[in-house]
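With the first letter of the sequence shown counted as 1, position 218 gets the number 218 in UniProt numbering; the numbers rise by one all the way through.
Just so it is clear, CB atoms sit at the ideal spot from N, CA and C, and this is done for glycine as well.
Below: one structure, written as structure tokens.
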Amino acid sequence: MSTKDYLEKDYYAVLGVPKTATAEEIKKAYRKLARQYHPDTNQGDATKETKFKEVSEAYDVLSDSKRRKEYDEARTLFGSGVGGQRPGGGGFPFDFGDLFGGTSQQTGQSGSAGERLGDLFGGLFNRGGGAGRTTGATTRPRRGQDVESEVTLTFTEAVEGTTVSLRLTSSAACTACSGTGAKAGTTPRVCPTCEGTGAASRNLGNFAFSEPCRDCKGRGLIVDDPCPVCEGSGRAKSTRTIQARIPAGVADGQRVKLKGKGAPGENGGPAGDLYIQTNVKPHAVFGRAGDNLTITVPVTFTEAALGAEIKVPILKGMPVTLRIPAGTPNGRTFRVRGRGVARKDGTKGDLLASVEVVVPKTLDDKSRELLNEFNTAHTSEDPRAELIQRARSE
Ligand SMILES: [Zn+2]
Ligand SMILES: [Zn+2]
Numbered sequence: 001m002s003t004k005d006y007l008e009k010d011y012y013a014v015l016g017v018p019k020t021a022t023a024e025e026i027k028k029a030y031r032k033l034a035r036q037y038h039p040d041t042n043q044g045d046a047t048k049e050t051k052f053k054e055v056s057e058a059y060d061v062l063s064d065s066k067r068r069k070e071y072d073e074a075r076t077l078f079g080s081g082v083g084g085q086r087p088g089g090g091g092f093p094f095d096f097g098d099l100f101g102g103t104s105q106q107t108g109q110s111g112s113a114g115e116r117l118g119d120l121f122g123g124l125f126n127r128g129g130g131a132g133r134t135t136g137a138t139t140r141p142r143r144g145q146d147v148e149s150e151v152t153l154t155f156t157e158a159v160e161g162t163t164v165s166l167r168l169t170s171s172a173a174c175t176a177c178s179g180t181g182a183k184a185g186t187t188p189r190v191c192p193t194c195e196g197t198g199a200a201s202r203n204l205g206n207f208a209f210s211e212p213c214r215d216c217k218g219r220g221l222i223v224d225d226p227c228p229v230c231e232g233s234g235r236a237k238s239t240r241t242i243q244a245r246i247p248a249g250v251a252d253g254q255r256v257k258l259k260g261k262g263a264p265g266e267n268g269g270p271a272g273d274l275y276i277q278t279n280v281k282p283h284a285v286f287g288r289a290g291d292n293l294t295i296t297v298p299v300t301f302t303e304a305a306l307g308a309e310i311k312v313p314i315l316k317g318m319p320v321t322l323r324i325p326a327g328t329p330n331g332r333t334f335r336v337r338g339r340g341v342a343r344k345d346g347t348k349g350d351l352l353a354s355v356e357v358v359v360p361k362t363l364d365d366k367s368r369e370l371l372n373e374f375n376t377a378h379t380s381e382d383p384r385a386e387l388i389q390r391a392r393s394e
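The structure is reproduced here in structure tokens:
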């Protein structure tokens, strides 16, 4: 936060308190608003999240008597409510943007003021068993990471759904120090220099502005005795094996989302999601066309010509009987209802069976005799007559 922020933002208005509000009144107003806008209770609502950050930032300044004094002084000195005014735009002597490098800098590696106050919020309400900690910095509810994984399924597993065992590696709070970064048995202490705010004020003549506290590197906490397992980072790689249910009907290359199966959340935060990329092996006999299974079924010339009841294999279970009518052309597709891929609504797609006329490679004497007889009887129909006709007419 810079003096520019101080001049542009009316923290009293954000919290809805008068300039004369007591520390207690400010705290009360903040708690009420923080509860109202907290990201945990407003999943995915960006407007409320922004509001929460604004409220947090306002409280960050106004709850700290030293910073509140700086804020009041800065606004008294240059007039309040000057937000957006540029030099020459009405009583504002110069451009603070130039003076402070154009942008308002965030303070420190622990994130924005809003995030840090999220920490405090976590501490205030002792979420997720953070009670008794020196500070809220590590007790803020944190959503677990999303995790990506990949799995190869057989064709049948993809159609019917299956449970796969997955080994997942993700970043989690170091178990040795519960994410505090402090050696077991010790606790990080609030940085005395910045009193836990992570920000230090520097006076430049009449200006006071904020920069990351040098003693705690903006974290607000000091770890005297770092955790040997995570070397003070508070983070660790965790490997776990989970059983993931792959729903019926996934396709090759599909990304399956399993909500809440990602890395566990911390301090009561929700778990992340797991995304599984599915690779499906082809089947020797069956193919897929969306919710339908496909198969090519050989039939003899006589079956196609005379009509027949033929056996058609299905993916699981005994073959079903398919009646093909007399005069079935080669390549015709028949629909066997309900023998396809399971859909989300519990119904199933169909099996699309295409017939392929096969010609006998060898003939016994009797068959040859009968076919010759058929050929003689069938002279009325020349299958190429129309073809030749059309070729000429072009
Ligand atoms: Zn550790
Ligand atoms: Zn500090």
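**OP:** Report yes if the C-beta of Ser233 is less than 8 Å from at least one heavy atom of ligand 1; otherwise report no.
**Re:** Flag set: Cβ of Ser233 near ligand 1.
Original post:
Heavy atom of ligand 2 less than 8 Å from the Cβ of Ala182, yes or no?
Top reply: No - ligand 2 has no heavy atom lying nearer than 8 Å to the Cβ of Ala182.
Original post:
Expressed to the nearest angstrom, what Euclidean distance is found between the alpha-carbon atoms of Asn375 and Arg368?
Top reply: 10 Å
Subject >> Distance CB(Ser165)-CB(Gly144) smaller than 9 Å >> reply: no
Original post:
Would you report the Cα separation of residue 395 and Arg245, rounded to the nearest angstrom?
Top reply: The chain is shown from 1 up to 394; residue 395 falls before or after that span and cannot be answered.
Original post:
Going by alpha carbons, who is nearest to Ile26 out of Leu322, Cys216, Leu15?
Top reply: For Ile26, the nearest C-alpha among the options comes from Leu15.
**OP:** Could you please go through the chain and list the residues whose beta-carbon is closer than 5 Å to any non-hydrogen atom of ligand 2?
**Re:** Cys191, Thr193, Cys194, Cys213, Asp215, Cys216
**OP:** Sort Asp146, Cys213, Glu148, Val250 by Cα distance to Ala158 and report the nearest one.
**Re:** Nearest neighbour of Ala158 by Cα position, chosen from Asp146, Cys213, Glu148, Val250, turns out to be Val250.
Original post:
At which residue ranges does the segment 233-296 contain complete beta strand (DSSP E) runs of 3 or more residues, listed in the order of the chain?
Top reply: 235-246, 255-258, 274-280, 287-289
Subject >> Environment of Ala29 [buried if 16+ CB atoms lie within 10 Å] >> reply: buried
**OP:** Sort out for me which residues DSSP pairs Thr163 with in a bridge.
**Re:** Partner residues in the beta bridge of Thr163, as assigned by DSSP, are Arg245.
Original post:
Distance, Cα to Cα, Lys366 vs His378?
Top reply: Near 18 Å, if we compare the C-alpha coordinates of His378 and Lys366.
**OP:** Could you tell me which residues DSSP pairs with Ile324 in its beta bridges?
**Re:** Ala308
Subject >> Assigned exposure category for Ile388 - 16 Cβ within 10 Å defines buried >> reply: exposed
Original post:
CB of Ala172 to nearest heavy atom of ligand 1: below 8 Å?
Top reply: Ala172: no, Cβ never under 8 Å from ligand 1.
Subject >> C-alpha distance - Ala342 paired with Thr186, whole-angstrom precision >> reply: 55 Å
Original post:
Could you give the distance in angstroms between the alpha-carbon of Leu371 and the alpha-carbon of Gly317?
Top reply: 37 Å
Original post:
When the Cβ atoms of the segment 269-282 are set against those of the segment 144-156, are three or more pairs found closer than 8 Å?
Top reply: yes
**OP:** Please confirm whether any heavy atom of ligand 1 lies closer than 8 Å to the CB of Gly16.
**Re:** no
**OP:** State the CB to CB distance for the pair Pro188 and Val223, rounded to an integer number of angstroms; the pair is presumed to be in contact (CB under 8 Å).
**Re:** So it is a contact: roughly 5 Å between Cβ atoms.
Subject >> Environment of Asp345 [buried if 16+ CB atoms lie within 10 Å] >> reply: Counting Cβ neighbours within 10 Å, Asp345 comes out exposed, since fewer than 16 surround it.
**OP:** Kindly indicate which residue of Ala173, Gly198, Thr162 has the alpha-carbon position closest to the one of residue 405.
**Re:** The chain is shown from 1 up to 394; residue 405 falls before or after that span and cannot be answered.
**OP:** Give a yes or no on whether the C-beta atoms belonging to Gly218 and Ala173 are separated by under 9 Å.
**Re:** no
Original post:
Who are Thr169's beta bridge partners in DSSP?
Top reply: Thr239
**OP:** List the residues that DSSP assigns as beta-bridge partners of Val336.
**Re:** Leu351
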